[in-house]
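In full-length UniProt numbering, the protein residues as written are 1 to 359.
The beta-carbon is built from N, C-alpha and C at its ideal position, and this holds for glycine as well.
The structure appears right after this line, and notes come after that.
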């Protein structure tokens, strides 16, 4: 059951409580007029009357839950029935009630009212537990976002500092040696482009950490070939092998899945050189797919580190590419494992991948 807020922002209507009070008066008058009187003690009647009045007040309090439909009706019904039972018990001290009347309004209403109250209390406990879990999840999500923000701030400030320092130094040199300005300004331009790349990758990493809630059927073969053409433009000797079925489709966010392949292909080309070969295929158990290359591979001791934002061993790397891949996999609910390919290179395995149900 979903947690419900118990806050009431709209004016409270007390007509149900008023209706219960009116019915109580009618029931009282009916008994006093229809049934014969009996002698009784004032103290006994007073105690029972106080209990009945308190229950009528309980009906008024329960009315504040009227916006909580799942809680309101069990509590209202239970409180009303127990109030009727208490009222009948008061009048039982004053008049001789027939068996049928005492049975219906006494023996039946009391357990029925208690059952309704128990049912309402159980619903309230379940709602409170759901609300507590939701609050814990929200707190955990806020904590995670705060940690990610701290991580991004640290990584960006660190990675931007080097190209920024380089750009400032080259500008100073260009001012001192105008005849060599073009050479130094070219270095400044490269540094600024690197800074832009770092900022864009950071924003991508922040965005792609969000959970994918509305995946679409994606033609993996077509998407892989498009991403490979973009990665291999400048390296004509690289080779791609796609062993997926021509009709292979998976449930994913198309834009973010594209980023997965683009980053993995770029990583393979960057580390594998001009003659690297990349393979995309289904896992043997059918639980997902993998991307493998025949490059230098990733040592087991570094396979966890390479997925951390900002981690890189290349002078021109930002350390965000594989971190983005890991974030996108996590956003889809996939498990990402890095192993060694058959050719000794890196192999990225994605498990838990869902395939759309055929129409």
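In this structure residue 280 touches residue 242 by the C-beta definition: roughly 5 angstroms separates them, less than 8 angstroms.
For residue 304, the secondary structure class from DSSP, reduced to helix, strand or coil, is coil. With respect to residue 353, residue 251 sits close: the two C-beta atoms are nearer than 9 angstroms. The C-alpha of residue 248 lies about 24 angstroms from the C-alpha of residue 324. For the pair residue 286 and residue 345, the CB atoms are not nearer than the 9 angstroms cut-off. The three-state reading of DSSP puts residue 351 in strand, counting E and B together. For a cut-off of 8 angstroms, the C-beta gap from residue 81 to residue 116 is around 6 angstroms, short enough to register as a contact. In the DSSP assignment, residue 289 falls within the unbroken beta strand (DSSP E) covering 288-293.
Shown here, residue 217 sits in a strand according to DSSP, grouped into three states. Residue pairing by DSSP places residue 340 opposite 346 in a beta bridge. Per DSSP, residue 102 is one residue of the alpha helix (DSSP H) stretching across 99-102.
The C-beta of residue 180 has fewer than 16 other C-beta atoms within 10 Å across all chains shown, which makes the residue exposed. 293 is the residue among 138, 293 and 228 whose C-alpha sits nearest the C-alpha of residue 276. When the alpha-carbon of residue 347 is set against those of 127, 85 and 261, the nearest one is in 261. Straight-line spacing of the CA atoms in residue 195 and residue 157 works out to 11 angstroms.
Taking all protein chains in view, the Cβ of residue 320 is crowded by 16 or more other Cβ atoms within 10 Å, so the residue is classified as buried. Contact between residue 331 and residue 258 does not hold, since the beta-carbon distance rounds to 14 angstroms and is not under 8 angstroms. Among the bridge pairs identified by DSSP, residue 250 is matched with 218. In the three-state scheme derived from DSSP, where H, G and I count as helix and E and B as strand, residue 211 is classed as coil.
In this structure, DSSP gives residue 322 a helical state, which the three-state scheme calls helix.
Annotated three-state conformation of residue 239 is strand, per DSSP. Residue 213 and residue 334 have their C-alpha atoms spaced approximately 13 angstroms apart. Secondary structure in the segment 158-197: no alpha helix (DSSP H) run of 4 residues or longer lies completely within the stretch. In the three-state reduction of the DSSP assignment, residue 282 falls in the strand class, which pools E and B. The criterion of a C-beta distance shorter than 9 angstroms is not satisfied by residue 337 and residue 355. Residue 291 and residue 322 do not touch by the CB rule: their CB atoms are close to 11 angstroms apart, not below 8 angstroms.
Unbroken alpha helix (DSSP H) stretches of 4 residues or longer found wholly inside the segment 70-140: 99-102, given in chain order. Annotated three-state conformation of residue 335 is strand, per DSSP. In this structure, the CA atom of residue 109 is about 11 angstroms from the CA atom of residue 87. Here residue 188 really is in contact with residue 170; their C-beta atoms are around 5 angstroms apart, less than 8 angstroms. A distance below 9 angstroms separates the beta carbons of residue 85 and residue 105. Between residue 147 and residue 137, the alpha-carbon positions lie close to 15 angstroms from each other. The closest CA to that of residue 303, considering only 349, 73 and 228, is found on 349.
Assignment of beta-bridge partners to residue 277 by DSSP yields 239.
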